[in-house]
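Numbering (our numbering), first residue to last: 1419 to 1535.
Reading through the structure tokens given below for one structure.
See the structure below:
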């Protein structure tokens, strides 16, 4: 299976932004976050960064706000760490897939228990 350039760049961006957040970002508003996925346009100008946040809803909102505030810093650091001709515009989005999967797991376990009874 052939990968498009945008997919390879998205993986590079995911790895680099994870490192930048872990090592360089000093914003106390950003809690324990992990980059789960990056979608980048084919022209490599816009990147949507999916972020999973450890904690409750308030922590999640606070962390996303902190990432948005630090977006220009993260973008400039990304430019220093990569050889991309154009640094993509970054937008941070909350990734709820882990909570969704956990919810489905709870429902399936409940159905299984009801069948056994």
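For glycine and all other residues, C-beta sits at the position ideal for the given N, C-alpha and C.
Assuming residue i and residue j form a contact by the criterion Cβ under 8 angstroms, report the distance between their Cβ atoms to the nearest whole angstrom.
i            : j            : result
residue 1511 : residue 1467 : 7 angstroms
Is the separation between the beta-carbon of residue i and that of residue j shorter than 8 angstroms?
i            : j            : result
residue 1492 : residue 1482 : no
residue 1477 : residue 1430 : no
residue 1485 : residue 1448 : yes
residue 1513 : residue 1469 : yes
residue 1487 : residue 1437 : no
residue 1474 : residue 1424 : no
With distances taken from CA atoms, which of the options is nearest residue i?
i            : options                   : result
residue 1516 : 1485, 1480 and 1455       : 1455
residue 1435 : 1496, 1532 and 1526       : 1496
residue 1462 : 1441, 1427, 1479 and 1443 : 1427
residue 1504 : 1457, 1464 and 1534       : 1464
Verify the contact flag: residue i, CB atom, against every heavy atom of the ligand FMN, threshold strictly below 7 angstroms.
i            : result
residue 1503 : The ligand FMN is not part of the structure shown, which contains no ligands of any sort.
So if DSSP puts residue i in a beta bridge, which residue, or which two residues, is it bridged to?
i            : result
residue 1512 : 1469
residue 1507 : 1464
Runs of beta strand (DSSP E) lying entirely within the region 1437–1496, each at least 3 residues, in chain order: The qualifying runs are 1451–1458 and 1464–1471.
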